[in-house]
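In our numbering, the protein residues as written are 158 to 326. Reading through the structure tokens given below for one structure.
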């Protein structure tokens, strides 16, 4: 078996595994941690919505977590929620505030390696792609030259159609 693998390697039939440089791995970890915090904040907001739904309460404001929505939540928590539900809502609001602060701090400290700045500028010239999204795209792709032909990048990103079917019924 090992001789066969050595033979395939000698003929360049084995694909080369890509290991991103430490700088890119650190950037990915930073960005993925930020994304995890955003998911946690979303779950916390959904928890508050679930508590309110349990009491059949609908928010009179469009942004429940904005200034007016928080005022309404405070009033509802004091007047209409049982103690356990009140605690869940108020402590979850505190957690959301902490998550917001952490997310803002992480967004300010996103490192962009010097060698990626030209590519980031190109990506930011596209509508809908700002600094943060351009850094996420570049960090996740890594060295774009490893995708040869260019269609390989589309395959890697899951943007090409696939057919999943069986030849038997």
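A virtual CB, placed ideally from N, CA and C, is assigned to each residue, including glycine.
- Looking at the unbroken alpha helix (DSSP H) that takes in residue 247, where does it start and where does it end? 240-265
- Are the segment 229-246 and the segment 179-193 in contact at 8 Å, needing three or more beta carbon pairs? Result no; under three Cβ-Cβ pairs closer than 8 Å.
- Find out if the Cβ-Cβ distance for the pair residue 281, residue 274 is shorter than 8 Å. no
- Is the beta carbon of residue 328 less than 8 Å from the beta carbon of residue 205? What is shown of the chain runs 158 to 326, which leaves residue 328 out entirely.
- Close Cβ partners of residue 259 (< 6 Å) along its chain, the five nearest in sequence each way excluded: 194.
- Query: Is the beta carbon of residue 280 within less than 7 Å of some heavy atom of the ligand SAH?
  - Reply: Looking for the ligand SAH in the displayed structure turns up nothing, as the structure carries no ligands at all.
- Query: Which of helix, strand or coil does DSSP assign to residue 280?
  - Reply: helix
- Item | When 263, 322 and 294 are compared against residue 311, the one with the closest alpha-carbon | Considering only alpha carbons, the answer is 294.
- Where the alpha helix (DSSP H) containing residue 179 begins and where it ends: 179-211
- Task: Within the same chain, show all residues whose beta-carbon is closer than 7 Å to that of residue 314, passing over the 5 residues directly before and after it, in chain order.
- Result: Cβ within range, chain order: n/a, list empty.
- Do you know offhand how far residue 159's Cα is from residue 169's? 15 Å
- Query: Roughly how many angstroms lie between the CA atoms of residue 305 and residue 238, to the nearest whole one?
  - Reply: 60 Å
- Item | Backbone CA spacing between residue 213 and residue 301 [nearest angstrom] | Between the alpha carbons of residue 213 and residue 301 lies a distance of about 51 Å.
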